[in-house]
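Chemist:
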């Protein structure tokens, strides 16, 4: 067990070193929006949901921001669920550069665009897309690409443009659709793990009772670093079958962070945050990474 522990510590050191590497300088969307008090609530939720890190990691993006009034409506529509708000904010981040001039020159009446929400794989089909149009009134409008999606959100003003990297525009109302605020439930956590090839990890957290700990944490956010099935048989991996029960529980808990951390956030995490979990390489090199909020 001593050798296994040494391998475990080595894996942690390597991981911390990787996570502590300075990220390339790029966008800092929350710093930009700090200069606009009308979007204080929108900016607050960008930080709390970590959607800001996903935006900062993109090379080209258009952000549709909401003033505090419309943002309050969105929060109420989401029943104040941070997970639901995260979905909505990601829907308001278009994965391309659009400014008013470009939009008015679009050839199609309805131009379909991808969003962070669509790219995250949480949307069925094209439900996570947003369509753009110039109305007969001359107003630029945005809507969910779902069938029947109405152009109820119009551009209020262009706030900041950095061709062709970043465009920020204020819109009059949130873009929503039925099902946008649906979020992963604790009951399907093991099913998600099994589907991703992490059946042995799912079985272990169930049999040891660690699953209940993870389920309780999901309301506030949970990041799992789940070893896939092959990782348990990799050379140098500790034999979990021979571990004392208490040690196994501790090891499993070290594969989770009690907060939502998408990949862009993990890339910029400090070593202090990284040390909150032994994570990756504790069992081997291959993992299934889950970020649940």
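Residue numbers (mature numbering (1 follows the signal peptide of the UniProt record, and there is no 0)): -26 to -1, 1 to 267. Idealized CB from N, CA, C, for every residue including glycine. Being a predicted model, the structure only gives us computed values, none of them experimental.
With a threshold of 7 Å, establish whether the CB of residue 89 neighbours any heavy atom of the ligand ADP.
Modeler: Within the structure as shown, the ligand ADP is missing, as the structure has no ligands at all.
Chemist: State buried or exposed for residue 156, treating a residue as buried only when at least 16 other CB atoms are found within 10 Å of its CB.
Modeler: Translated into positions along the chain shown, residue 156 becomes position 182. Residue 156 is exposed by the Cβ-count criterion.
Chemist: With a threshold of 16 other CB atoms inside 10 Å of the CB of residue 125, please say whether the residue is buried or exposed.
Modeler: Mapped onto the chain shown, residue 125 falls at position 151. Residue 125 comes out buried.
Chemist: Which residue spans inside the stretch 131 to 219 form an unbroken beta strand (DSSP E) run of at least 3?
Modeler: The stretch 131 to 219 contains these whole beta strand (DSSP E) runs: 140 to 145 and 196 to 201.
Chemist: Please confirm if the stretch 202 to 219 is in contact with the stretch 168 to 178, defined as three or more CB-CB distances below 8 Å between the two stretches.
Modeler: Contact holds: three or more Cβ-Cβ distances are below 8 Å.
Chemist: Within the stretch 15 to 53, note down every full beta strand (DSSP E) run reaching 3 residues or more, in order along the chain.
Modeler: Those beta strand (DSSP E) runs which fall completely within the stretch 15 to 53 and span 3+ residues are 35 to 40.
Chemist: Going by C-alpha to C-alpha distance, which of 191, 231 and 220 sits closest to residue 200?
Modeler: Position 226 of the chain shown, counting from 1, holds the residue named residue 200. Out of 191, 231 and 220, 231 has the C-alpha closest to the C-alpha of residue 200.
Chemist: Take every Cβ of the stretch 80 to 92, pair it with every Cβ of the stretch 187 to 200, and state whether three or more of those distances are shorter than 8 Å.
Modeler: No, the stretch 80 to 92 is not in contact with the stretch 187 to 200.
Chemist: Grab the span of the alpha helix (DSSP H) containing residue 6 for me, first residue to last.
Modeler: As a first step, residue 6 is located in the chain shown; it is residue number 32 there, counting from the start. Where residue 6 is concerned, the enclosing alpha helix (DSSP H) stretches over 3 to 7.
Chemist: Specify whether the stretch 98 to 117 and the stretch 81 to 90 touch according to this definition: at least 3 beta carbon pairs, one from each stretch, less than 8 Å apart.
Modeler: Short answer: they touch.
Chemist: Using a Cβ-Cβ cutoff of less than 8 Å, which residues in the same chain neighbour residue 227 once the five nearest sequence positions on both sides are dropped?
Modeler: Here residue 227 is taken as the residue at index 253 of the chain shown, counted from 1. Once the five neighbours on either side are set aside, the close Cβ partners of residue 227 are 184 and 187.
Chemist: Where does the unbroken beta strand (DSSP E) through residue 117 begin, and where does it stop?
Modeler: As a first step, residue 117 is located in the chain shown; it is residue number 143 there, counting from the start. Residues 114 to 118.
Chemist: From residue 73 to residue 66, what does the alpha carbon distance come to, in whole angstroms?
Modeler: Taking the chain shown and counting its residues from 1, one reaches residue 73 at position 99. Taking the chain shown and counting its residues from 1, one reaches residue 66 at position 92. Whole-angstrom Cα-Cα distance: 14 Å.
Chemist: For residue 49, tell me which candidate among 166, 144 and 154 has the shortest Cα-Cα distance.
Modeler: For the purposes of this step, residue 49 is identified with residue 75 of the chain shown, where counting begins at 1. Out of 166, 144 and 154, 154 has the C-alpha closest to the C-alpha of residue 49.
Chemist: Spatial neighbours of residue 26 within its chain, please: CB distance less than 7 Å, with the 5 preceding and 5 following residues excluded, ordered by chain position.
Modeler: The residue you call residue 26 lines up with position 52 of the chain shown. 3, 4 and 20.
Chemist: Please report the distance separating the alpha-carbon of residue 114 from that of residue 129.
Modeler: As a working mapping, residue 114 is identified with position 140 in the chain shown. As a working mapping, residue 129 is identified with position 155 in the chain shown. Approximately 5 Å, taken between the alpha carbons.
Chemist: Going by C-alpha distance, which of 222, 145 and 179 is nearest residue 12?
Modeler: Numbered from its first residue, the chain shown carries residue 12 at position 38. Comparing Cα positions, the closest option is 145.
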